[in-house]
Amino acid sequence: MAREMASLGLVKGSAGNVSCRVRDVILITPSGIPYELLRPQQIVSLPLDGDNERDMPVPPSSEWRMHVAIYRARDDVRAIVHTHPPYAIVASLSGPLPVVSDEGRVLFGESVPVSRHAKPGTWELAEAVAEALGVGKAVLIARHGAVTVGWTLSEALRLAVKLEEMASLWALSRYRG
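Reading the sequence shown from the start, the letters are residues 204 to 380 in this note's numbering.
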């Protein structure tokens, strides 16, 4: 999924991350490894309720706290995709993203919330994102990116693609040339 996320233009290099929950364990992409070079043995396993700030041979994504916070808040979430798509980042600067298409409203409702701004990789950001996500499927991270959630990584990635499409439609609707 991480490679597909990159091939779809939702991230560049090693930006963004994906994870899935298997019982009380999170499997998450590592920090700093470009997705085209990523190997299965480099996926990091973290206990959902354990001490994840210990030294590890391969460090988890710097946003592991955000994944933990969402999983702790949402028993129904089994997969998270965190992207850095350009239209969603721009949309995050203007408050909640109005969803301008009928298809988007079926997936996301009338609008997609934006988390309050916080420093990347912190518990403050993790809590802000989990809070703004609430019971929804997507959230924009202020000045940072987007998160989509689902039962599977395929579902979360499909929602990430649709979220960026909704953000681009919103941006185009604002252009009055």
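For glycine and all other residues, C-beta sits at the position ideal for the given N, C-alpha and C.
One Cα belongs to A218, the other to P250, and the distance between them is close to 23 Å.
Within the segment 277-354, the complete beta strand (DSSP E) segments at least 3 residues long are 282-286, 341-344, 348-353, listed from N- to C-terminus. Contact check for L343 against A272 fails: the beta carbons are separated by 7 Å or more.
Here S222 carries a strand assignment [DSSP, helix/strand/coil]. Its Cα nearest to that of T286, the residue S222 stands out among Y378, W354, S222, L372. A345 is positioned such that its CB atom lies closer than 7 Å to that of S318. Annotation: the continuous alpha helix (DSSP H) that includes V364 extends over 356-377.
Taking C-beta separations shorter than 8 Å and ignoring five residues to either side along the sequence, the partners of G324 in its chain run S265, E266, R268, following chain order. Apart from sequence neighbours up to five positions away, the residues of its chain that approach V338 with a beta-carbon distance below 8 Å are R277, ordered along the chain. A distance below 7 Å separates the beta carbons of V247 and I231. By the criterion of a C-beta distance shorter than 6 Å, A282 is surrounded in its chain by C223, G353, T355, L356, A359, once the five residues flanking it on both sides are discounted. Taking 8 Å as the upper bound for CB-CB distance, A349 and P288 are in contact here, some 6 Å apart.
V284 places its beta carbon less than 7 Å from that of T351. Going by DSSP, S210 is part of the alpha helix (DSSP H) stretching over 205-210.
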